[in-house]
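K.L.:
Below are the structure tokens for one structure; questions will follow.
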Amino acid sequence: MAELKVFATNAIRSVLDELVPPFERKAGHKVSISYNTTAQTLDLINGGATGDLVIATAAGIDEMTKLGKVIPGSRVDLASSVIGVGVRAGAPKPDIRSVDAFKRALLDAKAVAYTSSGLSGVYFAGLIERLGIAEQIKAKARIKPGGLIAEIVVAGEADLAVQMVSELLSVPGAELVGPIPVEINQVTVVAAGILTGANDSGAAKSLIQHLTTPAAARIIRAKGLTPAKNE
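First residue of the sequence shown: 1, per the working numbering; consecutive thereafter.
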């Protein structure tokens, strides 16, 4: 029996919550997962943290491969995610179907929550600059370094949470308004890679295979992501 140490992005947390327990029962392996943003995971691994498998943005996996932290050729794409807006359950859901409506919803909100180091938050910070509303939004922003941002709206500290759809859906007491308009959205590919210092690369590969089955694809889709098409 192997004990697999995994670093993973919160974007796929709800998927792993469903898929890892049956893998542990079937394969007989124990899986421990540390959830962080891709940037935080990169910092941990560069700082000497060790493990067997990393699940992060595809760009993050590629960067870790270049740095010698991930085995070349081990990257497998798992899913793709888009950015959405969440509210507290039962709260009014603003119209965000067009760019103008989305801007209006942000400006009308008393407070907007997003992450400072997660990919969605970094992208959103640049997006509000491009939309010309950065000053207004920053003045009422509720920002966390990482984690599940919809928890802030559930706590009543913000009206709107902006994060990956899969992360918004995973917070009890929060509801998804929808994805932000496609013309200003960003698609992020989530991928897995085996770390060069893995204690059991075979077990890590087995977990990746478990995450790319047709049954896994159904769960990935149910959690607000799009399964990757691995040929």
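No residue lacks a Cβ here, since even glycine has one placed at the ideal position from N, Cα and C.
In this text the structure is predicted, and so the values were computed from the model without any measurement.
Ignore the nearest five residues each way along the sequence and tell me which others in V165's own chain have a CB closer than 8 Å to its CB.
P.N.:
Hits under 8 Å: S81, V82, I83, G84, L176, P179, G224 and L225.
K.L.:
Taking C-beta to C-beta, are L168 and V70 nearer than 8 Å?
P.N.:
Not in contact: L168 and V70 (Cβ atoms no closer than 8 Å).
K.L.:
Would you kindly report the start and end of the unbroken alpha helix (DSSP H) that includes S14?
P.N.:
Looking at the DSSP string, the run of the alpha helix (DSSP H) that includes S14 is R13 to A27.
K.L.:
Under DSSP, the beta strand (DSSP E) around T212 begins and ends at which residues?
P.N.:
No beta strand (DSSP E) contains T212, which DSSP labels as neither H nor E.
K.L.:
Determine the DSSP secondary structure at A91, reduced to helix, strand or coil.
P.N.:
Coil at A91, not helix or strand.
K.L.:
Looking at the strands, I want to know which residues DSSP matches up with P179.
P.N.:
P179 is bridged to G84.
K.L.:
Look at the alpha carbon of I143 and the alpha carbon of A191, and state the distance between them as a whole number of angstroms.
P.N.:
Rounded to whole angstroms, I143 to A191 spans 26 Å at the Cα level.
K.L.:
Quick check: V33 and L44, are their CB atoms within less than 8 Å of each other?
P.N.:
As written in the sequence, residue 33 is Ile, which differs from the Val given in the question. Not closer than 8 Å, so no.
K.L.:
Which residues share a DSSP beta bridge with Y35?
P.N.:
Answer by DSSP bridge pairing, in chain order: A8.
K.L.:
Under a three-way DSSP split, which group does E231 fall into?
P.N.:
In this prediction, E231 has a pLDDT of 47, which is less than 50 and means its spatial position is unreliable; nothing more can be read from the coordinates.
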